[in-house]
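Asks:
2 protein chains.
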Amino acid sequence: MLRRLNSAATLRALRGGGEPTLSELAKQVGLSRPTTEGVLGELAGRGLVTEVAPRSGAGLGRPARRYRFRAEAGYALGLDIDAHWVQLFVADLNGEVVGSYRADLDVGWAPPERLAAVRAAVKTCLAATGVERSELWAVAAGTPGVVTADGEVAFCTVVPGWQGLNLGRELGRSFTCPVYVENDANLAAMAERWRGVAEDADDVICVLAGLHTGVGAVIGGRLHRGRWGAAGEVGMLPELGLRDTTAALTGVPTAAGRAPDGGGAAAVLAAAQHDDPEAVALVERLAARMSRGIAAMALAIDPEMIVVGGALTRAGDRLIDELRRQVRPLCLSPTRIEASTLGDEAVGIGAVRLALDRIDENLFKLD
Amino acid sequence: MLRRLNSAATLRALRGGGEPTLSELAKQVGLSRPTTEGVLGELAGRGLVTEVAPRSGAGLGRPARRYRFRAEAGYALGLDIDAHWVQLFVADLNGEVVGSYRADLDVGWAPPERLAAVRAAVKTCLAATGVERSELWAVAAGTPGVVTADGEVAFCTVVPGWQGLNLGRELGRSFTCPVYVENDANLAAMAERWRGVAEDADDVICVLAGLHTGVGAVIGGRLHRGRWGAAGEVGMLPELGLRDTTAALTGVPTAAGRAPDGGGAAAVLAAAQHDDPEAVALVERLAARMSRGIAAMALAIDPEMIVVGGALTRAGDRLIDELRRQVRPLCLSPTRIEASTLGDEAVGIGAVRLALDRIDENLFKLD
DNA sequence: ACCTTTACGAAAGGCCCTTTCGTAAGTAGG
DNA sequence: CCTACTTACGAAAGGGCCTTTCGTAAAGGT
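Protein chains in written order, with the numbering used here: chain A, 42 to 408; chain B, 42 to 408.
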């Protein structure tokens, strides 16, 4: 029992990424050197730790043995399955991305074709990366819509045929490890907190501005799904202005399933970026609409930061500047509003983080 | 270290409230009998555990020694400081309420008079209960408005002069134990989760319908304050209809600081309860307004249950029935909407729970 | 009065941790 | 090239906490 506790603590310290000596590690964890040695032996036996060559010439005395976490002991796969693309990231246990892949999907594809394309992309990505399927310890996938705890897409207007599909079960057939499915905006929030603009913020909201604008939240450092996985769907309230955001920008109603820039949204945003007065007015109007929904979320959660990403932010900072100007006065707190630094990789990276979180839970659980 | 772990586990098991025998306890915790005996000796030394008389005649064999948690080793004090009243609850470490007190406060009182009245109420309550001030291990107070982490009332429109006051520091002068201050709706949410209608729900929202309608949230079983303590203040958005709720009901603008039934709100609600058509229409209109804000919160958090309490719900179920009817279609999830079962005691009981939570953290921390 | 049942009390043994000491493996200087 | 110094490894001794085991005490039933 005590041993498990100390193993976990030692592993945690090692996973920082360095290559500490035995004594450094012992001091950091607060154990004696012989104990640390024993723990390391056990961890090495489980394949989680390995000894590296001592650095001679570094100083006086006998060179210390150095150890490092074997990040290559296992891998996490993160997927971003959207209407138009599938994006994959493979990362080792340290979260270092060792491979990625991206394939376009046809918006019109029904779930079977879509899933087949995803499976093919997985195969290609793993082959290119040189990671065996058996080396995957966890897989996570992000998708638009409401996802239940058991991986079913309970509500989705963006991907045709997606609603009602048990994506977790479907994907699970391709893997022997656990597969997790989560709302895309939720994962984007995790990603921005992990290695994006919201690093280490405890409470973060992420707004993915696209055809349908979704909102995800990390609360108290943990992903917040809600009882039915529907947290963040403030877009359901029409007066909160998060529905049909592309249409609001162009004035042209956008059919479900069309590309977010299909109605000329990208063109409008680009023009606004060059101070075209008409385009600027359109962006301002859009921001005014969206500010209601974002402010509602911000008032409900009172997050440290609101991260804005999604297709509509790719063209430049205009929309975000406008949102910042219009959301701020609606809020009680000095919440920061920032552009995503991960761009369209946010969801995939967030999926990797989710998979790694699940792996960590197993790695560090005591029971 | 291991001893602390086992002490905490044993204490946790004992705190269930029963009077287990040594062997029962050992089996429950998963330790051997001699170990449990040693742990109990240590806990008894700290005054947390005491032996009770064995029950002879209960069965065959030598009667087992029985132990119980000494709930009377310390006490928690919970306060509900509102514009019109202060309510107090004293509870032992098991959460059993051993004393309570309530005093009316004048709405017009400035902070010094108000605080003096609170202090007097505390003195009266403790004297009547027979609990010494030194026996208090933690004090928590609920108040309308936004409360920062260090106990300052950052925003409050209901209690005159309250805004800018550091309530935590002021109250702290009267006690030697830690004093915590929290938003009233947040505490009501905790109370309903503890021994109200939302027992053991992980994600709960509590709506306190009054002059200003506040919303509090428990997320993942933990109170959610937000970065600046302002979580739940969706009432700030005018289109969400949680401001001036009393005025909306009566048609008469309510001056800040007036009693929530001063404008006849109680009369309207009572009439609606007896199916007066005009009153029913007014309640329906109010529910329509409020449903926006409640739905926004529900969509943002996706809680398991929404508990509705506050002054406007005292007259009967009419408003809640109406809210249930109007909020439901705006939500994605089958969230339950229920009336508070704690009534106007919710905030005070929630304050007790918060104080007990803080005590528990100290009791069970390992460091 | 005696047996069965149940629980207490003390002693023996093992695991894991820490402290301590001798030894190995480097660098710096004469 | 050899010695002195520094730093870290390896093994042994010692202590805390837990478990197992055994004898004893205190009840009820026959």
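Glycine is no exception: its CB is placed at the ideal position from the N, C-alpha and C atoms.
To test your reading of the DSSP string, which unbroken beta strand (DSSP E) runs of 3 or more residues are found completely within the stretch 181-220 of chain B?
Replies: Qualifying beta strand (DSSP E) stretches, in chain order: 194-196.
Asks: Can you have a look at residue 350 (chain B) and say buried or exposed, based on whether 16 or more other CB atoms are within 10 angstroms of its CB?
Replies: That one is buried.
Asks: Which of helix, strand or coil does DSSP assign to residue 148 (chain B)?
Replies: If DSSP states are grouped into helix, strand and coil, residue 148 (chain B) belongs with coil.
Asks: Between which two residues does the beta strand (DSSP E) holding residue 126 (chain B) run?
Replies: Looking at the DSSP string, the run of the beta strand (DSSP E) that includes residue 126 (chain B) is 126-133.
Asks: For residue 377 (chain A), which beta-bridge partners are listed by DSSP?
Replies: DSSP, once it has assigned bridges, lists A:346 as partnering residue 377 (chain A).
Asks: So the alpha helix (DSSP H) residue 137 (chain A) belongs to, where does it begin and stop?
Replies: No alpha helix (DSSP H) contains residue 137 (chain A), which DSSP labels as neither H nor E.
Asks: Between A:182, A:250, A:275 and A:388, which lies nearest to residue 307 (chain A) when the distance is taken from Cα to Cα?
Replies: Closest by alpha carbon: A:250.
Asks: What residue range is occupied by the uninterrupted alpha helix (DSSP H) comprising residue 368 (chain B)?
Replies: Per DSSP, residue 368 (chain B) belongs to the alpha helix (DSSP H) from 359-368.
Asks: What's the C-alpha gap between residue 33 (chain B) and residue 305 (chain B)?
Replies: Because chain B is modelled from 42 through 408, residue 33 (chain B) falls outside the range shown and cannot be assessed.
Asks: Chain B partners of residue 343 (chain A), CB-CB under 8 Å?
Replies: Neighbours of residue 343 (chain A) on chain B, chain order: 266, 267, 268, 269, 270, 271, 272, 273 and 274.
Asks: Classify residue 403 (chain B): buried if its beta carbon has 16 or more other beta carbons within 10 angstroms, exposed otherwise.
Replies: So residue 403 (chain B) counts as exposed.
Asks: Among A:388, A:373 and A:369, whose alpha-carbon lies nearest the alpha-carbon of residue 379 (chain A)?
Replies: Comparing Cα positions, the closest option is A:369.
Asks: Count the other C-beta atoms from every protein chain shown that fall within 10 angstroms of the C-beta of residue 58 (chain B), then say buried if there are 16 or more, exposed otherwise.
Replies: Exposed, because fewer than 16 other Cβ atoms sit within 10 Å of the Cβ of residue 58 (chain B).
Asks: Hey, how far is the Cα of residue 493 (chain B) from the Cα of residue 135 (chain B)?
Replies: Any property of residue 493 (chain B) remains undetermined from this structure, which presents chain B solely from 42 to 408.
Asks: Check whether chain A comes within 8 Å of residue 297 (chain B), counting only Cβ atoms and requiring the distance to be less than that.
Replies: Reliability fails at residue 297 (chain B), whose pLDDT of 43 lies under 50, so the model's placement of it is uncertain and no value is given.
Asks: Which residue comes first and which comes last in the beta strand (DSSP E) that contains residue 121 (chain B)?
Replies: Residues 116-122.
Asks: Counting only Cβ-Cβ distances shorter than 9 Å, please list the residues of the stretch 181-196 of chain B near chain A, keeping chain order.
Replies: So the list reads 187, 195 and 196, given in the order they occur along the chain.
Asks: Does DSSP put residue 382 (chain A) in a helix, in a strand, or in coil?
Replies: If DSSP states are grouped into helix, strand and coil, residue 382 (chain A) belongs with coil.
Asks: Is the Cβ of residue 42 (chain A) closer than 8 Å to any Cβ of chain B?
Replies: Interface residue, yes.
Asks: Across the stretch 238-246 of chain A and the stretch 336-352 of chain A, are there enough close Cβ pairs to call them in contact, namely three or more that are closer than 8 Å?
Replies: Enough Cβ pairs lie closer than 8 Å, so yes.
Asks: Rounding to the nearest angstrom, what Cα-Cα distance links residue 194 (chain B) and residue 121 (chain B) in this structure?
Replies: Cα to Cα, residue 194 (chain B) sits roughly 14 Å from residue 121 (chain B).
Asks: Determine whether the beta carbon atoms of residue 228 (chain B) and residue 127 (chain B) lie at a separation below 8 Å.
Replies: Going by C-beta atoms, residue 228 (chain B) is not nearer than 8 Å to residue 127 (chain B).
Asks: Within 8 Å, do at least three Cβ pairs link the stretch 175-193 of chain B to the stretch 353-367 of chain B?
Replies: Short answer: they don't touch.
Asks: Between which two residues does the alpha helix (DSSP H) containing residue 389 (chain A) stretch?
Replies: First-last of the alpha helix (DSSP H) with residue 389 (chain A): 387-405.
Asks: So with CB distances below 9 Å, who are the chain A contacts of residue 261 (chain B)?
Replies: The contacting residues are 260, 261, 263 and 265.
Asks: So which residues on chain A does residue 333 (chain B) lean against when the C-beta distance must stay under 8 Å?
Replies: Neighbours of residue 333 (chain B) on chain A, chain order: 278 and 280.
Asks: Under 7 Å between beta-carbons, which chain B residues line up against residue 340 (chain A)? List them in chain order, please.
Replies: Correct list: 274, 275, 277 and 278.
Asks: I'd like to know if residue 215 (chain A) contacts chain B, where contact means its C-beta is closer than 8 Å to some C-beta of that chain.
Replies: Taking Cβ atoms only, chain B never reaches closer than 8 Å to residue 215 (chain A), which makes this a no.
Asks: Is residue 101 (chain A) helix, strand or coil when you go by DSSP?
Replies: Residue 101 (chain A): coil per DSSP, three-state reduction.
Asks: Please identify, using Cβ separations under 8 Å, the residues of the stretch 370-383 of chain A that lie next to chain B, in order along the chain.
Replies: For the stretch 370-383 of chain A, which is checked against every Cβ of chain B, the residues closer than 8 Å are 371, 372, 373, 374, 375 and 376.
Asks: Using a Cβ-Cβ cutoff of less than 6 Å, which residues in the same chain neighbour residue 207 (chain B) once the five nearest sequence positions on both sides are dropped?
Replies: Same-chain partners within the cutoff: 192 and 193.
Asks: Where does residue 237 (chain A) land, buried or exposed, given buried means 16+ other C-beta within 10 angstroms?
Replies: Result: buried.
Asks: Take residue 24 (chain A) as the anchor and find which of A:61, A:171 and A:124 has the nearest alpha-carbon.
Replies: For residue 24 (chain A) there is no data in the structure shown, the boundaries of chain A being 42 and 408.
Asks: Please identify the residue among A:100, A:104 and A:108 whose C-alpha is closest to the C-alpha of residue 90 (chain A).
Replies: Residue A:108 is the option with its Cα nearest to residue 90 (chain A).
Asks: Measure the beta-carbon distance from residue 320 (chain A) to residue 309 (chain A) and round it to whole angstroms, keeping in mind my assumption that it falls under 8 Å.
Replies: With 8 Å as the limit, residue 320 (chain A) and residue 309 (chain A) qualify as a contact, their Cβ atoms being about 5 Å apart.
Asks: Need the endpoints of the beta strand (DSSP E) that residue 258 (chain B) sits in, please.
Replies: Looking at the DSSP string, the run of the beta strand (DSSP E) that includes residue 258 (chain B) is 255-260.
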